[in-house]
Amino acid sequence: MAISVFPSKRGFFFTIIAMLIVSVLFVSFMPKSGVTLVHKIPSTESRINVANDFVETLKTSYLPMALRTSSYSALNSLSEYTKAYGSLFTDYDDLNTNFAEMMLNGSIFCRLGGQNAVMAVEDCIGSSETLMMGRDFTRRLRDIENASVSTLQLQTALNYSGFNAVLFQNNATGPFQVGVKITINFSVNAGLAWWNDTKDVEVIFSFEGIEDPLYSVKSQSDLGLLYTNVFNRTNITSWNITNTFLEIEWRKYRYEKNGSAFLTRFTSLDEASECCGIESLINPFAMDDAVVGNVERPYVDWCFFGTRCPGDQPGALWNISCITDTAQSPEKFYRFSLDTYHASTYNLTDFVYGAEPDPNAAQCNGMMQAVCGIDPDTPCI
Amino acid sequence: MAKRGQYFTIDAFVALLVVTTGLVLVLAVNSYTPSSGQPERLSQEFVNVLAQTKIKELNNFFVMQQVRNGNITDFDNTILQQAYEFKRYFDSFLVGCPPATGCHGYEPSVHTNMSAEFLASVTPSLVPKQYSFEIIIDGDSVHGRGEGQDTTDLLISSKRIVFGVVNKSVEFWGPVTVEVRVWQ
């Protein structure tokens, strides 16, 4: 008698179905080799995201901000250095070399007192005030490298190749801003991922608040006394006799295509800049009337301290009604004079006069009412 | 015969259910791990919001008041930058503080508590109430909510490097570390 394992076909069928269901469930829930990685993926993803955010922040925010602040401090320090040294840089290359050294390391090749050595600018000029200490660009790079290691456990290396920082002014900067460009190599190591890139960082910023080297150096060499003036842009846009008075009074700067640009003022070059020339008017009241009054040149800074404007020749220099005064302080402004070009620029052609007495003297009281008492030391005429 | 077939199939399912339930119970008892997904995302998003939201995008009474009083001058500062500036320039006394490690000069009980008040005014709606958090700026716990940090099963920490300039000038500060801890 034959013995059948499956007494019926339907029993066989049901058993196969049950085994298939169990097999499907078993296969579905069987641990896979990739499961171990599944747990690691979120943390790896998170770490890569953190590193990527850091790299983006570094490129778009930290490096430009650090370059801007270090560059401004470096230009301010160079202004202080030229004032202490009493001499300007020979040309743009000389300026750029010293700027790069100052901005990157906070030091300068010090010529003061015949020292002729590279040293911290504070030591060079004997300043108790902090100019570059802790503000140089290299220090900023090391700070962020250390912070990335201690905070994010990211190995970061930031380097610049040589002294490649470049100062510039052009139509993009305009006359009242200056630009700096530098090339940075950086690498960030996050373990599984590695960023390695070279980036040109360019910043454009205002130089307001820095002392004008043209004043502080040339006043010493030409007048024998130190006078300073700080770069500040005037908000006067239309010119007449009262606004010219205020421009002299406030010693602010305006765009002038024939004037010397901000960077030129750090050098011995005496040249115009179509894009970026600026000028301020010499204020004899704020300086020493007697000393300034002996200079017979147009009372525009680049003319006064330069050689490009006409000197005292007949028909070349003009007194200005209600502004030029023949008496020293407290009268304003002793022996102030302008050349024909500037008299026209400031819309003063109707108010110029020569050696004769001021033809408009009788009308000054009414003409100058707008500036009467505008400053404590501005008397009403 | 048809009834027997149904019986076997149902029997197979019942047996499977018993075995599966048993396995699930055994595995569940021995392998409890708190879910880290939500707190982790919450912590990261929290620090991202603090690091990216600017003062000019905020609209609350405390911020308006500080703007009127002249204590907030740079509206492009992020929340973290402003919190650090409050901590450094209002809540700390740095003059004469030796540069030794641990000397932050941060004494909110002696000076002002601007950084904590500022963060308290902007953070409540950013983190769900069932979560606790703590914000640590440059090593000092400045603001937090809730307790149990030491006893929680899961605490997620996110860190950011923060830096800035004071009032768009050239006075650079940082980089400093800001840490946000979130737990339940």
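Protein sequence lines, in the order shown, are assigned to chains B and P.
Start counting at 1 in the first sequence, then tack on 2, and there's your number in this note's numbering.
Start counting at 1 in the second sequence, then tack on 6, and there's your number in this note's numbering.
Here a beta-carbon is modelled for each residue, glycine too, at the ideal position from N, C-alpha and C.
Quick caveat, the model's predicted, so the values are computed rather than measured.
At which residues does the beta strand (DSSP E) containing residue i begin and terminate?
| i | result |
| --- | --- |
| ALA119/B | 119-122 |
| ILE1/B | Here chain B covers residues 3 to 383 and nothing more, so residue 1/B does not appear. |
| GLU185/P | 178-189 |
| SER147/P | 146-151 |
| PHE169/P | 161-171 |
| ASN187/B | 179-191 |
| GLY261/B | 256-263 |
| GLU358/B | Here GLU358/B belongs to no beta strand (DSSP E), and DSSP marks it neither H nor E. |
| PHE139/P | 138-143 |
Let me check you understand the geometry: is the CB of residue i closer than 6 Å to at least one non-hydrogen atom of the ligand FAD?
| i | result |
| --- | --- |
| GLY164/B | The model on display carries no ligand, and the ligand FAD is accordingly not part of it. |
Is any beta-carbon of chain P found at less than 7 Å from that of residue i?
| i | result |
| --- | --- |
| THR62/B | no |
| ASP145/B | yes |
| THR153/B | yes |
| GLU249/B | no |
| ALA149/B | yes |
| THR200/B | no |
| THR83/B | Reading off the sequence shown, one finds Tyr at residue 83/B, where the question assumed Thr. It does not: the Cβ of TYR83/B has no partner Cβ on chain P nearer than 7 Å. |
| ASN162/B | With the sequence shown as reference, residue 162/B is identified as Tyr, and Asn is not the correct amino acid for it. Taking Cβ atoms only, chain P never reaches closer than 7 Å to TYR162/B, which makes this a no. |
| TYR343/B | no |
| TYR348/B | no |
| TYR1/B | Residue numbering for chain B in the displayed model covers 3 to 383; residue 1/B lies beyond these limits and cannot be assessed. |
Does residue i get closer than 7 Å to chain B when you measure Cβ to Cβ?
| i | result |
| --- | --- |
| PRO181/P | yes |
| ALA106/P | With a pLDDT of 49 at ALA106/P, under the threshold of 50, the modelled position of that residue is not reliable, and no figure is offered here. |
| ALA126/P | no |
| VAL176/P | yes |
| PHE14/P | yes |
| ALA34/P | no |
| GLY11/P | yes |
| ALA89/P | no |
Considering only their Cβ atoms, is the gap separating residue j from residue i smaller than 7 Å?
| i | j | result |
| --- | --- | --- |
| SER150/B | LEU143/B | no |
| PRO177/B | ILE50/B | no |
| PHE92/P | SER121/P | yes |
| ILE184/B | TYR162/B | yes |
| VAL232/B | GLU213/B | yes |
| ASP341/B | CYS311/B | yes |
| THR158/B | VAL190/B | yes |
| ARG137/B | SER75/B | yes |
| PHE264/B | PHE338/B | no |
| PRO286/B | PHE207/B | no |
| SER164/P | SER49/P | yes |
| SER282/B | ARG253/B | yes |
| ILE167/P | THR62/B | no |
| LEU80/B | MET104/B | yes |
| LEU114/B | TYR87/B | yes |
| PHE170/B | SER72/B | no |
| ILE284/B | TYR301/B | yes |
| PHE96/P | THR118/P | yes |
| PHE1/B | ILE243/B | In this structure chain B extends from 3 to 383, so residue 1/B is not present and cannot be described. |
| LEU90/B | SER262/B | no |
| LEU227/B | VAL293/B | yes |
Between which two residues does the alpha helix (DSSP H) containing residue i stretch?
| i | result |
| --- | --- |
| SER25/B | 11-31 |
| TRP252/B | 243-252 |
| VAL55/P | 43-58 |
| VAL219/B | 215-220 |
| GLU91/P | 85-95 |
| GLU2/P | Within the shown structure, residues of chain P are numbered from 7 to 190, placing residue 2/P beyond reach of any answer. |
| GLN72/P | 67-74 |
| GLY279/B | Premise fails: GLY279/B lies in the beta strand (DSSP E), 279-281, not in any alpha helix (DSSP H). |
| MET369/B | 366-369 |
Does any C-beta atom of chain C lie closer than 7 Å to the C-beta of residue i?
| i | result |
| --- | --- |
| THR71/B | Within the model displayed, chain C is absent; protein chains B and P are what it includes. |
Problem set entry | Complete alpha helix (DSSP H) runs within the stretch 299-346 of chain B (minimum length 4 residues, chain order) | Runs of the alpha helix (DSSP H) inside the stretch 299-346 of chain B: 303-306.
For this session: Please name the residues in the stretch 160-172 of chain P whose beta-carbon is closer than 9 Å to at least one beta-carbon of chain B, in chain order.
Result: Of all residues in the stretch 160-172 of chain P, only SER164, LYS165, ARG166, ILE167, PHE169, GLY170, VAL171 place a beta-carbon less than 9 Å from a beta-carbon of chain B.
For this session: Note down, in chain order, all residues in the stretch 9-22 of chain B with a beta-carbon under 8 Å from any beta-carbon belonging to chain P.
Result: Answer in chain order: SER10, ARG12, GLY13, PHE15, PHE16, THR17, ILE19, ALA20.
Exercise. Which full runs of the beta strand (DSSP E) of 3+ residues lie inside the stretch 86-170 of chain B, going along the chain?
Worked result: If we require 3 residues or more, the beta strand (DSSP E) runs fully inside the stretch 86-170 of chain B come out as 109-112, 119-122, 157-162, 168-170.
Exercise. Going along the chain, which residues of the stretch 18-34 of chain P sit with their C-beta nearer than 7 Å to a C-beta in chain B?
Worked result: So the close ones are ALA18, LEU22.
Exercise. What are the uninterrupted segments assigned as alpha helix (DSSP H) that are 4 or more residues long and contained completely in the stretch 49-88 of chain B, given in chain order?
Worked result: Those alpha helix (DSSP H) runs which fall completely within the stretch 49-88 of chain B and span 4+ residues are 65-87.
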